[in-house]
Amino acid sequence: MLNPASPPQTVHMIPAAFMVASFLTASVHAVALLRGCRDHYHRAGFAIPFVLGAVAAPFQIPAGDWAARFLADYRPAKLAAIEGVYRTGSHIPLTVGGVAGKNGLEYDLEYGLEVPDGLSLPRHPCSSSPCSPAPTSPPSTCARTWPARGTRSWPGPSPGGRSSPVSTSGAVALAGTAVPHADAPELFHGLTHRALPLVVLSAVSGVAGLGLLATRRYLAARAAAAPAVAAILWSWGVAQYPAMLVGSLTVARSASQPAVLSACLIARACGALLLVPALWLLYATFQRAETPWNSHRQPR
């Protein structure tokens with residue numbers, strides 16, 4: 059989870075999550091407005107999430123550019139596969155839409171709208187195209203060499219530069235504690251009294267994760283990240299127990315019927331029987347298989 063791709067992927071996915079949730083919520087109230095329900099509830103239900111989604115949308119432009127440049131730098135073949143580029147070359151266009159098909163003896167992306175040089179903008183340091191096969195170039199001049207399996211050293215920027223987005227997120231989370239103090243005093247009181255040990259555990263785990271990330275101990279940093287997230291979620295529940303929504307809903311009243319709970323458990327168990335072996339097979343395949351893009355890795 060904590061690797062060089064974490065910062066661009068995190069920055070890219072958080073605005074995306076806000077956009078999807080906001081526009082989906084706004085669409086429900088938009089349908090009601092079109093059907094004539096123009097009361098204050100539906101107007102506010104449309105306006106608030108729509109504005110939030112619209113504000114988050116511009117941030118996707120630099121975030122997406124960062125993610126594309128990361129792929130062009132570290133995984134040019136993956137970027138080529140995502141964008142449907144079948145041949146290495148320069149001045150590669152960005153194709154919007156299109157259908158993958160066979161043009162004579164070669165495969166190509168057909169019927170799409172091409173933006174000239176669109177994919178050559180986030181170019182590899184030693185290439186004019188993001189889909190140039192970096193592993194075939196001399197590692198000392200062009201390709202960034204990924205570490206051998208079992209090592210914990212990653213290429214790229216310095217540990218301090220990579221941990222700065224995480225530090226910023228921690229500072230924002232700390233500043234966010236002022237919100238429940240002003241708007242949810244019952245929750246704030248529970249967090250600072252009954253659930254305080256869990257809050258402290260989350261903070262200590264988060265700081266430890268930052269330190270481990272800065273020292274490139276990624277496996278231990280992953281172990282520290284788990285209690286940091288889990289403890290803060292548990293602290294929220296402990297802080298306002300037995301209420302689920304303070305003043306309106308308790309935990310007991312929010313529970314489903316026993317038959318529904320049993321059906322959910324059975325469905326999850328059946329899903330786990332398929333998902334867990336598939337994930338393990340995928341993980342084992344990528345850890346053990348030697349493919350053209352990782353054949354230049356250093357031997358163990």
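For what it's worth, my numbering labels the leading residue of the sequence shown as 59, then goes sequentially. Built from N, CA and C at the ideal position, the CB exists for glycine as well. For clarity, every value in this text was computed on a predicted model and none was experimentally measured.
**Study point:** valine 309 versus methionine 302 - alpha carbon distance
**Key:** Your numbering for residue 309 matches position 251 in the sequence shown. Your numbering for residue 302 matches position 244 in the sequence shown. The alpha-carbon of valine 309 is positioned some 5 Å away from that of methionine 302.
**Study point:** Limits of the beta strand (DSSP E) - the one that aspartate 166 falls within
**Key:** Counting from one through the sequence shown, the residue named residue 166 turns up at place 108. Start and end: 164-168.
**Study point:** Rounded Cβ spacing between valine 296 and leucine 245 (contact assumed at less than 8 Å)
**Key:** Position 238 of the sequence shown, counting from 1, holds the residue named residue 296. Position 187 of the sequence shown, counting from 1, holds the residue named residue 245. About 11 Å separates the two Cβ atoms, so there is no contact after all.
Practice item. Would you kindly check if the distance between the Cβ of methionine 77 and the Cβ of glycine 111 is under 8 Å? Key: Along the sequence shown, one-based indexing puts residue 111 at 53. Along the sequence shown, one-based indexing puts residue 77 at 19. Result yes, Cβ atoms of glycine 111 and methionine 77 sit closer than 8 Å.
Review point. Between valine 173 and valine 157, is the Cβ-Cβ spacing less than 8 Å?
Key: By 1-based counting over the sequence shown, the position of residue 173 is 115. By 1-based counting over the sequence shown, the position of residue 157 is 99. Contact: no.
Check your understanding: Hey, histidine 87 and histidine 100: beta-carbon distance below 8 Å or not?
Key -> Residue 87 sits at position 29 when you count from the first residue of the sequence shown. Residue 100 sits at position 42 when you count from the first residue of the sequence shown. Yes.
Practice item. Name the two residues that bound the continuous alpha helix (DSSP H) containing threonine 68. Key: Counting from one through the sequence shown, the residue named residue 68 turns up at place 10. For threonine 68, the enclosing alpha helix (DSSP H) covers residues 64-92.
Exercise for review: Assign proline 134 to buried or exposed, taking buried as 16 or more other Cβ atoms, counted over all protein chains shown, within 10 Å of its Cβ.
Suggested key: Within the sequence shown, residue 134 is the residue found at index 76, counting from 1. Buried: at least 16 other Cβ atoms inside 10 Å.
Check your understanding: Around the Cβ of serine 211, are there at least 16 other Cβ atoms within 10 angstroms (buried) or fewer (exposed)?
Key -> One-based indexing of the sequence shown puts residue 211 at position 153. The predicted model places serine 211 with a pLDDT of 43, which falls under 50 and marks its position as unreliable, so this point remains unresolved.
**Study point:** Range of the contiguous beta strand (DSSP E) that encloses leucine 152
**Key:** For this step, residue 152 is matched to residue 94 along the sequence shown. Residues 152-154.
Review point. Among Ala75, Ile72, Pro73 and Ala105, which residue has its Cα nearest to the Cα of serine 85?
Key: For the purposes of this step, residue 85 is taken as residue 27 along the sequence shown, with counting starting at 1. When only C-alpha atoms are compared, the closest one is Ala105.
Check your understanding: Three-state secondary structure (DSSP) at proline 183?
Key -> Within the sequence shown, residue 183 is the residue found at index 125, counting from 1. Reliability of the predicted coordinates at proline 183 is poor, the pLDDT of 40 falling under 50, and no value is obtained from them.
Point to revise | Cβ distance (whole Å) where leucine 177 is taken to contact leucine 152 below 8 Å | key: For the purposes of this step, residue 177 is identified with residue 119 of the sequence shown, where counting begins at 1. For the purposes of this step, residue 152 is identified with residue 94 of the sequence shown, where counting begins at 1. Correct: roughly 5 Å between the Cβ atoms.
Practice item. Would you mind sorting alanine 342 into buried or exposed? The rule is 16 or more other CB atoms within 10 Å of its CB. Key: Position 284 of the sequence shown, counted from the first residue, corresponds to residue 342. That one is exposed.
Exercise for review: Give the straight-line distance between the Cα atoms of glutamate 141 and leucine 291, rounded to the nearest whole angstrom.
Suggested key: As a working mapping, residue 141 is identified with position 83 in the sequence shown. As a working mapping, residue 291 is identified with position 233 in the sequence shown. Between glutamate 141 and leucine 291, the C-alpha separation is close to 38 Å.
Review point. Do the region 163-172 and the region 142-151 touch if we need at least three Cβ pairs shorter than 8 Å?
Key: yes
**Study point:** Cβ-based neighbour list, proline 365, same chain, cut-off 6 Å, excluding 5 preceding and 5 following
**Key:** Since the displayed the chain opens at 59 and closes at 358, residue 365 lies outside it and no answer follows.
Check your understanding: Going by other Cβ atoms of all chains shown within 10 Å of its Cβ, with 16 needed for buried, is glycine 159 buried or exposed?
Key -> Numbered from 1 along the sequence shown, position 101 holds the residue referred to as residue 159. Label assigned to glycine 159: exposed.
Point to revise | Contact belief for leucine 249 with serine 293 at Cβ below 8 Å, rounded distance in angstroms | key: Residue 249 sits at position 191 when you count from the first residue of the sequence shown. Residue 293 sits at position 235 when you count from the first residue of the sequence shown. The Cβ separation is near 6 Å, so the contact holds.
Point to revise | Reduced DSSP category for valine 304 - H, G, I as helix; E, B as strand; rest coil | key: For this step, residue 304 is matched to residue 246 along the sequence shown. Valine 304: coil per DSSP, three-state reduction.
**Study point:** Rounded straight-line distance, which links the Cα of leucine 323 to that of leucine 333
**Key:** For the purposes of this step, residue 333 is identified with residue 275 of the sequence shown, where counting begins at 1. For the purposes of this step, residue 323 is identified with residue 265 of the sequence shown, where counting begins at 1. Taking the straight line from one Cα to the other gives about 15 Å.
Review point. Should cysteine 184 go down as buried or exposed, given a rule of 16 or more other Cβ atoms within 10 Å for buried?
Key: As a position in the sequence shown, residue 184 is number 126, starting the count at 1. With a pLDDT of 38 at cysteine 184, under the threshold of 50, the modelled position of this residue cannot be trusted; read the value that follows with caution. Exposed is the call here.
Practice item. List the whole-angstrom C-beta distance separating tyrosine 132 from proline 66, where the pair is believed to meet the contact cut-off of C-beta under 8 Å. Key: Locating residue 132 in the sequence shown gives position 74, where the first residue counts as 1. Locating residue 66 in the sequence shown gives position 8, where the first residue counts as 1. The beta carbons of tyrosine 132 and proline 66 sit about 10 Å from each other, so the pair does not count as a contact at 8 Å.
Exercise for review: Using three-state DSSP, classify glycine 159 as helix, strand or coil.
Suggested key: Looking up residue 159 in the sequence shown gives position 101. The answer is strand: DSSP assigns glycine 159 an E or B state.
Point to revise | Coarse secondary structure for leucine 177, derived from DSSP in three states | key: By 1-based counting over the sequence shown, the position of residue 177 is 119. Assignment of leucine 177 by DSSP, reduced to helix, strand and coil, places it in the coil class.
**Study point:** Proximity below 8 Å, CB of alanine 114 to CB of proline 73
**Key:** The residue labelled residue 114 in the question sits at position 56 within the sequence shown. The residue labelled residue 73 in the question sits at position 15 within the sequence shown. Yes, the Cβ-Cβ distance between alanine 114 and proline 73 is below 8 Å.
Exercise for review: Indicate whether proline 107 and serine 80 have their beta-carbon atoms separated by less than 8 Å.
Suggested key: Taking the sequence shown and counting its residues from 1, the one referred to as residue 107 is at position 49. Taking the sequence shown and counting its residues from 1, the one referred to as residue 80 is at position 22. Cβ atoms of proline 107 and serine 80: closer than 8 Å.
Exercise for review: State whether the region 274-287 contacts the region 258-266, with contact taken as three or more CB pairs (one from each stretch) at a distance under 8 Å.
Suggested key: Counting Cβ pairs under 8 Å, three or more are found: they touch.
Check your understanding: So alanine 279 and glycine 267 are in contact, right, with Cβ under 8 Å, and what is the actual spacing, rounded?
Key -> Stepping through the sequence shown from its first residue, residue 279 is reached at position 221. Stepping through the sequence shown from its first residue, residue 267 is reached at position 209. With a Cβ gap of about 5 Å, alanine 279 and glycine 267 count as contacting.
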